[in-house]
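Student: Let me give you the structure first, and then I'll get to my questions.
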Amino acid sequence: MEIRDIDIEIKNTTILTMDKECRIFLNSSLIIDKGYIIEIGESAAIGYKYKAAKVIDAKGKMVMPGLINAHTHAAMTIFRGIADDIPLKEWLFEKVFPLEDRFVKAKTVEIGTKLAIAEMILSGTTTFCDMYFFEDEIAKIVTETGIRAVLSEGVIDFPTPNSKTPDEGLKYTEMLINKWAGNPLVTIGVAVHSPYSCSPELLKKTKQLADKYNVPFNIHLAETKWEIETIQKTFGLTPTQLLNNLGLLSNNVIAAHSVHLTEQDIKLLADNKVGVAHNPQCNMKLASGVAPVCEFLDANIKVGLGTDGVASNNNLNMFDEMNTMALLHKISKNNSTMMDAKMVVKIATNGSAQVLGLQNEIGSIEIGKKADVIIIDLDKPHLIPLYNHYSHIIFSMNGSEVDTVIINGKLVMENRKLLTMDIEKIKMDAIELGTIIGKSL
Ligand code: NI
Numbered sequence: 001m002e003i004r005d006i007d008i009e010i011k012n013t014t015i016l017t018m019d020k021e022c023r024i025f026l027n028s029s030l031i032i033d034k035g036y037i038i039e040i041g042e043s044a045a046i047g048y049k050y051k052a053a054k055v056i057d058a059k060g061k062m063v064m065p066g067l068i069n070a071h072t073h074a075a076m077t078i079f080r081g082i083a084d085d086i087p088l089k090e091w092l093f094e095k096v097f098p099l100e101d102r103f104v105k106a107k108t109v110e111i112g113t114k115l116a117i118a119e120m121i122l123s124g125t126t127t128f129c130d131m132y133f134f135e136d137e138i139a140k141i142v143t144e145t146g147i148r149a150v151l152s153e154g155v156i157d158f159p160t161p162n163s164k165t166p167d168e169g170l171k172y173t174e175m176l177i178n179k180w181a182g183n184p185l186v187t188i189g190v191a192v193h194s195p196y197s198c199s200p201e202l203l204k205k206t207k208q209l210a211d212k213y214n215v216p217f218n219i220h221l222a223e224t225k226w227e228i229e230t231i232q233k234t235f236g237l238t239p240t241q242l243l244n245n246l247g248l249l250s251n252n253v254i255a256a257h258s259v260h261l262t263e264q265d266i267k268l269l270a271d272n273k274v275g276v277a278h279n280p281q282c283n284m285k286l287a288s289g290v291a292p293v294c295e296f297l298d299a300n301i302k303v304g305l306g307t308d309g310v311a312s313n314n315n316l317n318m319f320d321e322m323n324t325m326a327l328l329h330k331i332s333k334n335n336s337t338m339m340d341a342k343m344v345v346k347i348a349t350n351g352s353a354q355v356l357g358l359q360n361e362i363g364s365i366e367i368g369k370k371a372d373v374i375i376i377d378l379d380k381p382h383l384i385p386l387y388n389h390y391s392h393i394i395f396s397m398n399g400s401e402v403d404t405v406i407i408n409g410k411l412v413m414e415n416r417k418l419l420t421m422d423i424e425k426i427k428m429d430a431i432e433l434g435t436i437i438g439k440s441l
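Residue 314 in the working numbering is what sits at position 314 of the sequence shown, and the numbering runs on without skipping anything.
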């Protein structure tokens, strides 16, 4: 029999597939070639068929799909810890927007995004969905560093650091959609900030652009009680009803937060196949509220998990976020059986993939899917003994156990060493920028 040359074999390991049946393979190999997963099976039974350019013996470790951060503002790492312990309205209008106005430029976005990508890869995130400014620069960094991303230039009813008018922002977005079409790592989406910061006309125009190219449409929805009151006062509707009346709800919508929804609002999201990006830590930190995620799941709404930006989190660690998600819904329902560990892992992998419209490419370890996988070192005091992998992922791990990361079939981290980034230079640049921002406060 002919031996086939392939790129990577990860062997002698436990593989959590997160496929439909959530199959777990023991003593097995994952075969990766040209960016794709081509076979999964017992190492002894399939290993002999392949000659890998790179063999990773992952005995004592486990392999799972990379985590997918369904909503963030990556470059905001430069504002980490700058405005804590205040409500969202004050946080956004008195802190974040003025800071962005002064400091967000192509160069600072580059520094912040590199720092963010380093942090994400080190904690097992292989895809992130970004809403920020200068997304063309961000796309370049994404392709250089080898992470996967859905990138959307934020549009709002006032000048942004990258566009004088919303129309300019939309033109820029359309340019990005065409420029990055077909890129294996970058998907360009469209982003409009929120129902309270954008006019109905702008909301509609933005959605039309997303629909024209059939790309993801990002929006912050029903995040705070203040937003509900503001929209109610102006339109006599809930924010969700407003979007529905404008014809904005459909299956390419990624509704971040979605905290304050009525039963009718939830039905509108379900009927229109809207996806929700849940941000539990940010919602807790800004005391925005508890999103009705159990109700979303009951209504068969697509739910993914995201950290939001680090100015309101204050990290990009999806292990941390998964832990919070599980605990939050147990206590808020006063029911310890809610949001079990396996469910949360599913949400942070294939749930997020579905919300981003990438469910056919990523979110599980299956033959034919893109090879976005992480290898976790189980040889740690806090992971012993091991009875249930999902339990450890949600309740015991903190992200530092992620040992090796493969994205699109390429190694981007091995034995915790980042292979595509100069981490010392990235840290130095971010410290320098932080000093300048700090002095100006
Ligand atoms: Ni956000």
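All C-beta atoms, glycine included, are put in the ideal place defined by N, C-alpha and C. Note that the coordinates shown come from a computational prediction; the quantities given were computed from them, not determined experimentally.
Measure from the alpha carbon of I394 to the alpha carbon of each residue in K114, V142, M62 and M343, then state which is nearest.
Tutor: What you label residue 394 is simply residue 394 of the sequence shown in a count that begins at 1. Comparing Cα positions, the closest option is M343.
Student: Report the rounded CA-to-CA distance for L88 versus P292, giving the unit in angstroms.
Tutor: The sequence position of residue 88 within the sequence shown is 88, counting from 1. The sequence position of residue 292 within the sequence shown is 292, counting from 1. Near 19 angstroms, if we compare the C-alpha coordinates of P292 and L88.
Student: When the Cα of L327 is compared with those of M18, S391, P200 and N272, which residue comes out closest?
Tutor: The residue given as residue 327 occupies position 327 in the sequence shown. Minimum Cα distance to L327 is reached at S391.
Student: Roughly how far, in whole angstroms, is the beta-carbon of F133 from the beta-carbon of V104, given that I think they are within contact range, below 8 angstroms?
Tutor: Locating residue 133 in the sequence shown gives position 133, counting from the first residue. Locating residue 104 in the sequence shown gives position 104, counting from the first residue. With 8 angstroms as the limit, F133 and V104 qualify as a contact, their Cβ atoms being about 6 angstroms apart.
Student: Could you tell me the alpha carbon to alpha carbon distance between G154 and H193, rounded to whole angstroms?
Tutor: Position 154 of the sequence shown holds residue 154. Position 193 of the sequence shown holds residue 193. So the two alpha carbons sit approximately 6 angstroms from each other.
Student: When the Cα atoms are used, what is the spatial distance from E401 to F158?
Tutor: Here residue 401 corresponds to residue number 401 of the sequence shown, with the count starting at 1. Here residue 158 corresponds to residue number 158 of the sequence shown, with the count starting at 1. Distance between the alpha carbons of E401 and F158 is about 43 angstroms.
Student: Where does the unbroken beta strand (DSSP E) through Y50 begin, and where does it stop?
Tutor: Within the sequence shown, the letter at position 50 stands for residue 50. Here the beta strand (DSSP E) through Y50 covers Y50 to D57.
Student: Quick check: what's the CA-CA separation for I121 versus F235?
Tutor: The count along the sequence shown starts at 1 and reaches residue 121 at position 121. The count along the sequence shown starts at 1 and reaches residue 235 at position 235. For I121 and F235, the distance between alpha carbons rounds to 43 angstroms.
Student: Starting from S447, follow the beta strand (DSSP E) in both directions and report where the run begins and ends.
Tutor: Nothing about residue 447 can be read from this structure; the chain reaches only from 1 to 441.
Student: For S396, which residues of its own chain have a beta-carbon under 8 angstroms away from its beta-carbon, when the five flanking residues on both sides are left out?
Tutor: In the sequence shown, counting from the first residue as 1, residue 396 sits at position 396. These residues qualify, in order along the chain: H382 and L383.
Student: Pull up the CB-CB distance for P280 and E321, whole angstroms please, since I reckon it's below 8 angstroms.
Tutor: For the purposes of this step, residue 280 is taken as residue 280 along the sequence shown, with counting starting at 1. For the purposes of this step, residue 321 is taken as residue 321 along the sequence shown, with counting starting at 1. Indeed, because the Cβ distance is near 7 angstroms, the residues count as touching under 8 angstroms.
Student: Which residue comes first and which comes last in the alpha helix (DSSP H) that contains N69?
Tutor: Residue mapping note: residue 69 aligns to position 69 of the sequence shown, counting from 1. No alpha helix (DSSP H) contains N69, which is instead part of the beta strand (DSSP E) from L67 to T72.
Student: Hey, would you say I156 sits closer than 8 angstroms to Y213, going by beta carbons?
Tutor: Numbered from 1 along the sequence shown, position 156 holds the residue referred to as residue 156. Numbered from 1 along the sequence shown, position 213 holds the residue referred to as residue 213. No, these two residues do not count as a Cβ contact at 8 angstroms.
Student: Got a sec, what are the start and stop residues for the beta strand (DSSP E) E2 sits in?
Tutor: The residue given as residue 2 occupies position 2 in the sequence shown. Careful: E2 lies outside any beta strand (DSSP E) and carries neither H nor E.
Student: Could you tell me the distance, in whole angstroms, from the CA atom of S336 to the CA atom of E295?
Tutor: Residue numbering aside, residue 336 sits at position 336 when the sequence shown is read from its first letter. Residue numbering aside, residue 295 sits at position 295 when the sequence shown is read from its first letter. Looking at the two C-alpha atoms, the distance is approximately 16 angstroms.
Student: Where do the N-terminal and C-terminal ends of the alpha helix (DSSP H) with M284 fall, by residue?
Tutor: Counting from one through the sequence shown, the residue named residue 284 turns up at place 284. Counting along the chain, the alpha helix (DSSP H) containing M284 begins and ends at P280 to K285.
Student: Would you list the one or two residues that DSSP bridges to F25?
Tutor: Numbered from its first residue, the sequence shown carries residue 25 at position 25. F25 is bridged to I15.
Student: Quick check on this structure: which residue in L209, K11 and L170 has the alpha carbon closest to the alpha carbon of A442?
Tutor: Residue numbering for the chain in the displayed model covers 1 to 441; residue 442 lies beyond these limits and cannot be assessed.
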